[in-house]
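Take a look at the structure set out below.
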Amino acid sequence: MRTAVYSLRRRLLGWLLISTAVIGVLALMDTYREAVKTANVVSDRVLAGSALAIAERVVVAEDGTLQVDIPYVALEMLTSAAQDRVFYRVDGPPGAFITGYQTLPSLPEVAGQSTSFADAVFRGEPIRLAVLRRSASTGVNSVPFVVTVAETTIARRQLSQTILLHSALRLGLMIAGAALIVWVAVTFSLRPLYRLGDAIAERSPDDLHPIGERVPSEVQGLVDTVNSFMVRLQSALDALRHFTGNASHQLRTPLAIIRTQLALARRAATVDEALSAAAKADEAVANAERILAQLLLMAKIDAAAKEEARGSERIELARLARSITAEHVPAAGEVGIDLGFAGEGEQWIRAEPLLVGELLKNLIGNALLYAGRGAEVTVRVSGSDNEVALEVEDNGPGIRPELREAVLKRFRRGGTEAPGTGLGLPIVEEIAALYGGTMRLEDGEGGRGLKVVVTFPAG
Ligand SMILES: Nc1ncnc2c1ncn2[C@@H]1O[C@H](COP(=O)(O)OP(=O)(O)OP(=O)(O)O)[C@@H](O)[C@H]1O
Ligand SMILES: [Mg+2]
Numbered sequence: 003m004r005t006a007v008y009s010l011r012r013r014l015l016g017w018l019l020i021s022t023a024v025i026g027v028l029a030l031m032d033t034y035r036e037a038v039k040t041a042n043v044v045s046d047r048v049l050a051g052s053a054l055a056i057a058e059r060v061v062v063a064e065d066g067t068l069q070v071d072i073p074y075v076a077l078e079m080l081t082s083a084a085q086d087r088v089f090y091r092v093d094g095p096p097g098a099f100i101t102g103y104q105t106l107p108s109l110p111e112v113a114g115q116s117t118s119f120a121d122a123v124f125r126g127e128p129i130r131l132a133v134l135r136r137s138a139s140t141g142v143n144s145v146p147f148v149v150t151v152a153e154t155t156i157a158r159r160q161l162s163q164t165i166l167l168h169s170a171l172r173l174g175l176m177i178a179g180a181a182l183i184v185w186v187a188v189t190f191s192l193r194p195l196y197r198l199g200d201a202i203a204e205r206s207p208d209d210l211h212p213i214g215e216r217v218p219s220e221v222q223g224l225v226d227t228v229n230s231f232m233v234r235l236q237s238a239l240d241a242l243r244h245f246t247g248n249a250s251h252q253l254r255t256p257l258a259i260i261r262t263q264l265a266l267a268r269r270a271a272t273v274d275e276a277l278s279a280a281a282k283a284d285e286a287v288a289n290a291e292r293i294l295a296q297l298l299l300m301a302k303i304d305a306a307a308k309e310e311a312r313g314s315e316r317i318e319l320a321r322l323a324r325s326i327t328a329e330h331v332p333a334a335g336e337v338g339i340d341l342g343f344a345g346e347g348e349q350w351i352r353a354e355p356l357l358v359g360e361l362l363k364n365l366i367g368n369a370l371l372y373a374g375r376g377a378e379v380t381v382r383v384s385g386s387d388n389e390v391a392l393e394v395e396d397n398g399p400g401i402r403p404e405l406r407e408a409v410l411k412r413f414r415r416g417g418t419e420a421p422g423t424g425l426g427l428p429i430v431e432e433i434a435a436l437y438g439g440t441m442r443l444e445d446g447e448g449g450r451g452l453k454v455v456v457t458f459p460a461g
C-alpha cells in the first residue's frame with residue numbers, strides 16, 4: 003500500500019514556521035515586559051522630578067503652617083506627554099491635607115526611602131503614583147510633608163505598545179525572509195534529485211548501468227543501494243538469459259533428432275529401416291520429455307521457494323523413500339542393477355512430499371544410469387537427534403573428485419554419453435536447501451562408487 007505523498011519543502015517550511023512562531027511569541031513576551039519596564043523607568047523619573055519641583059515650593063508660613071505655591075511648570079512637564087491627566091496632593095504633618103486632590107491615594111512611608119512609586123487606580127483609571135517625603139525647616143524645628151504626584155498611564159502604555167508592535171513587525175519580516183530562503187534553498191537542493199529522476203527515466207528498460215549522476219552526500223547512500231540492486235538485478239537477468247539459452251539448446255537437440263529420424267523413416271526402403279528410425283525418434287521424444295520434466299521441476303522449486311508456508315507438511319521420509327525405491331526396482335532389473343532399501347523406524351521431516359519424491363527419483367535415476375550393469379544401489383534413511391539423512395549409494399564408477407564441484411552447476415554433466423540435461427544434482431541441492439537441508443557427494447563404500455548424502459532437519 004502506498005502511503006500519502008508529502009512534500010519535503012512543505013515539511014521544512016512547517017517546522018520552520020512553527021518553531022520560529024513559538025520562539026517569536028516567547029521573545030515578544032519578553033520584549034513587552036522589558037518595554038513596560040523601560041517606559042516606567044523613564045516616566046517615573048519625570049514624575050519624581052515633578053514631585054521635587056512642588057516640594058521645593060513648600061514653605062512654612064509665619065503661623066507655622068505649611069504653604070505651597072504649585073509651580074505651573076511642575077505639572078506642565080507631565081502633561082506634555084499624550085493625553086495623560088495629572089493629579090497631585092500635598093499633605094503636611096500626619097493627617098493635615100494642604101492642597102490638591104484630596105481623594106488621590108497616597109502611599110505608606112517606606113523606611114530609608116524619600117521617593118517611592120506605585121501603580122493604583124484613581125477615578126476608574128489606572129495611574130502611576132510618585133510619593134516624595136520631605137520636611138520644611140522653620141529655623142527652630144522641621145515640619146514633615148508629603149508630595150504625591152500621579153498621572154494616568156496612557157503614554158506609558160502607548161510607548162510599550164509601540165515598542166511591542168515594532169518588535170513584532172521585525173520578527174514577522176524575519177520569519178517571512180527565512181521562509182523565503184528555505185523555499186529557495188530547498189528548490190535548489192532538490193535539483194540534483196530531479197536530474198537523477200530524469201536520468202533514470204531516460205534510460206532504456208534494459209540499461210542497468212550504475213547511476214553516475216552527482217548527488218548530494220545525503221542521497222549518495224540511496225544511490226549506492228540502487229546501484230548495488232541494479233548489479234544484482236543484472237546478474238539475475240544474465241543468469242535467466244543463460245538458463246533459457248541452455249534450456250532451449252537442450253531441447254533443440256532431441257527435436258533435431260526427431261526431425262532427422264522422421265525424414266529417414268519417410269525415405270526408408272524397408273519396414274525395418276522405418277521401424278528403427280521410429281524407435282530412435284521415440285527415444286528422442288522421451289529425452290525431450292525428461293528435459294521438460296526437469297525444467298518444470300525447477301519452476302516448481304522456484305514457486306515453492308516463493309510460497310510463504312512452504313513445506314510445513316510433516317512427512318515420514320522412510321516410508322516415502324521405501325515406496326519410491328520399490329517403484330524403481332523393475333527398471334533397475336532391466337539394466338541389471340540390484341536396487342535395495344535400508345532403514346528402520348520412522349523419520350519425520352517437514353517438506354513437500356512431491357518435491358522430496360522428485361529429489362529421490364533424480365538420485366535413483368542417476369545411479370541406474372551411471373552405476374553400470376551389475377552394480378548395487380542402496381537407498382538409506384537414518385536419523386540422529388535433530389537430523390534425518392537420506393543416502394543413495396552405488397558401487398559404480400563414481401564421480402572423479404575434481405569433477406564433483408562442476409556437476410553441481412546447472413547443465414554441467416560428467417562427460418557421460420547417457421542422455422541427460424545436467425540439472426539433476428542442482429535440483430536435488432535446491433530442494434534440500436528449500437527445507438533447510440544440505441547435499442554432499444562422497445565416495446561409496448570402500449572408496450568405490452558414489453554416495454549422495456542429503457540431510458534434513460528433523461521435524
Ligand atoms: N551415481 C552416479 N555415478 C556416476 N556419475 C554420476 C552419478 N550421478 C551423477 N553422475 C554424474 O554427474 C553428472 C550430473 O548429474 P545430474 O543428475 O546433475 O545431471 P544428468 O544426470 O546429466 O542430467 P539430468 O539428471 O538433468 O537428466 C552426470 O552427467 C554424471 O556424469
Ligand atoms: Mg541426473
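Each residue of the sequence shown is one higher than the last, beginning at 3 in our numbering. We treat Cβ as the ideally placed atom computed from N, Cα and C, and that holds for glycine.
Do residue i and ligand 1 come close, with the Cβ less than 8 Å from some heavy atom?
i: Thr418; result: yes
i: Asp396; result: yes
i: Ala373; result: yes
i: Ile326; result: no
i: Arg415; result: yes
i: Arg292; result: yes
i: Gln222; result: no
i: Val409; result: yes
i: Val454; result: yes
i: Gln296; result: yes
In whole angstroms, what is the alpha-carbon distance linking residue i and residue j?
i: Gly416; j: Trp350; result: 33 Å
i: Glu220; j: Asp304; result: 37 Å
i: Leu134; j: Ser162; result: 26 Å
i: Arg130; j: Arg59; result: 22 Å
i: Leu266; j: Met441; result: 44 Å
i: Glu204; j: Ile433; result: 41 Å
i: Leu192; j: Arg13; result: 14 Å
i: Val390; j: Asp200; result: 55 Å
i: Ile20; j: Leu77; result: 49 Å
i: Val381; j: Val394; result: 5 Å
i: Leu198; j: Phe231; result: 16 Å
i: Leu10; j: Ala238; result: 35 Å
i: Pro96; j: Ala50; result: 21 Å
i: Ala152; j: Phe89; result: 5 Å
i: His211; j: Asn388; result: 46 Å
i: Leu173; j: Ala122; result: 33 Å
i: Val27; j: Ser169; result: 11 Å
i: Val61; j: Ala53; result: 15 Å
i: Gln222; j: Tyr196; result: 14 Å
i: Ala283; j: Glu309; result: 39 Å
i: Ala408; j: Ala301; result: 22 Å
i: Leu452; j: Ala377; result: 11 Å
Thinking C-beta only, is residue j closer than 9 Å to residue i?
i: Glu315; j: Glu354; result: yes
i: Leu257; j: Ala290; result: yes
i: Ala181; j: Leu15; result: yes
i: Leu365; j: Gly426; result: yes
i: Tyr34; j: Ile165; result: yes
i: Ile339; j: Arg292; result: no
i: Leu106; j: Ala120; result: no
i: Gly446; j: Phe458; result: no
i: Leu443; j: Leu410; result: yes
i: Ala373; j: Pro403; result: no
i: Leu264; j: Ala279; result: yes
i: Ala23; j: Ile177; result: yes
i: Val225; j: Glu215; result: yes
Indicate, with yes or no, if ligand 2 has a heavy atom lying under 8 Å from the CB of residue i.
i: Asn289; result: no
i: Gly422; result: yes
i: Gly400; result: no
i: Leu427; result: yes
i: Gly451; result: no
i: Gly359; result: no
i: Asn248; result: no
i: Asn364; result: yes
i: Asn388; result: no
Would you list the one or two residues that DSSP bridges to residue i?
i: Glu378; result: Asp340
i: Ser118; result: Val133
i: Trp350; result: Glu318
i: Tyr90; result: Val151
i: Arg254; result: None; Arg254 has no bridge partner.
i: Phe124; result: Glu127
Whole-angstrom Cβ separation of residue i and residue j, contact assumed at under 8 Å?
i: Gln85; j: Ile156; result: 6 Å
i: Arg91; j: Thr150; result: 5 Å
i: Val383; j: Ala320; result: 4 Å
i: Val455; j: Val430; result: Not a contact, Cβ separation roughly 11 Å.
May I ask you to check if the CB of residue i is nearer than 8 Å to at least one heavy atom of ligand 3?
i: Gly367; result: In the structure on display, ligand 3 does not appear, and the ligands it does have are ligand 1 and ligand 2.
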